[in-house]
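In our numbering, each number is its position in the sequence shown, counted from 1, plus 2.
This report refers to the structure that appears directly beneath it.
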Amino acid sequence: LSMGDRFSIHLHESPDEMLYFADQSGPMAELVRQISGKTPNTTISLRRETPIASMAAELHTHPLLVIHANLVTDDDLHTLNKTRHVIVHCPNSHAYFSHPRFPLERILSHGFTVALGTDSWASNRSQDFLDELRRMRLRYPELPDVTLLKMATIHGAMGLGLDHEIGTMNIVTGK
Numbered sequence: 003l004s005m006g007d008r009f010s011i012h013l014h015e016s017p018d019e020m021l022y023f024a025d026q027s028g029p030m031a032e033l034v035r036q037i038s039g040k041t042p043n044t045t046i047s048l049r050r051e052t053p054i055a056s057m058a059a060e061l062h063t064h065p066l067l068v069i070h071a072n073l074v075t076d077d078d079l080h081t082l083n084k085t086r087h088v089i090v091h092c093p094n095s096h097a098y099f100s101h102p103r104f105p106l107e108r109i110l111s112h113g114f115t116v117a118l119g120t121d122s123w124a125s126n127r128s129q130d131f132l133d134e135l136r137r138m139r140l141r142y143p144e145l146p147d148v149t150l151l152k153m154a155t156i157h158g159a160m161g162l163g164l165d166h167e168i169g170t171m172n173i174v175t176g177k
């Protein structure tokens with residue numbers, strides 16, 4: 003998906019994806035073989051790395067919305083240009099696949115902006131963003147309210163390059 007000079011890409015979403023990039027094995031490799039009639043290593047040139055490592059050169063051409071990043075390594079996080087990319091966590095999709103705990107603390111400690119998303123109907127029974135917020139609050143009760151609010155608003159706008167137009171709110175209190 004392209005949004006002007008910004009792109010979104012689903013990366014490091016599942017163990018199957020990681021196997022495919024690591025040694026061209028697993029269910030994803032079998033799917034590629036079935037669809038193309040070729041073995042995976044003749045379909046795509048992989049360097050036996052993580053998806054982010056194998057795309058390192060391309061990652062710096064455009065700001066990205068990196069959807070998922072469930073299984074990133076510290077090396078992967080160093081590879082990403084953290085000043086231009088926003089990582090989007092989809093709590094209900096993450097739970098749907100019973101992934102291990104999302105590495106939120108580690109991602110934040112590397113200085114990344116994290117936004118919340120819903121992912122698709124394929125892995126989410128609801129597209130209700132409030133359901134994502136509820137799950138995030140339950141999974142990360144230690145997360146400061148202001149951080150969660152930013153993940154739900156301005157961080158998504160930043161990922162879309164629209165933070166100068168949307169994603170903030172002014173709260174007026176009556177006395």
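We put the CB at the ideal spot given by N, CA and C, even for glycine.
Under the three-state reduction of DSSP, which class applies to residue i: helix, strand or coil?
i: F99; result: coil
i: I69; result: strand
i: V74; result: coil
i: V59; result: Reading off the sequence shown, one finds Ala at residue 59, where the question assumed Val. It is coil, neither helix nor strand.
i: S10; result: strand
i: I109; result: helix
i: I37; result: helix
i: T81; result: helix
Using 10 angstroms around the beta-carbon of residue i, count the other beta-carbons present and answer buried if the total reaches 16, otherwise exposed.
i: A124; result: exposed
With distances taken between CB atoms, is the gap from residue i to residue j smaller than 8 Å?
i: M154; j: L135; result: Residue identity check: residue 154 is Ala in the sequence provided, not Met. Cβ distance < 8 Å, so A154 and L135 count as in contact.
i: I11; j: V68; result: yes
i: G163; j: P65; result: yes
i: D158; j: A97; result: Before going on, a small fix: residue 158 reads as Gly here, not Asp. Not in contact: G158 and A97 (Cβ atoms no closer than 8 Å).
i: A71; j: I109; result: yes
Between which residues of its own chain and residue i is the CB-CB distance below 7 Å, once the five residues before and five after are set aside?
i: G28; result: D18, L21 and Y22
i: E15; result: H70 and N72
Within its chain, find whatever has a CB closer than 8 Å to the CB of residue i; leave out the 5 residues flanking it on each side and keep chain order.
i: M171; result: T155
Just to confirm my understanding: we take residue i, look at its own chain, exclude 5 residues before and 5 after, and list those with CB closer than 6 Å. What are they?
i: D7; result: H64
Inter-stretch contact at 8 Å, needing at least 3 Cβ pairs: the region 29–39 / the region 93–109: no
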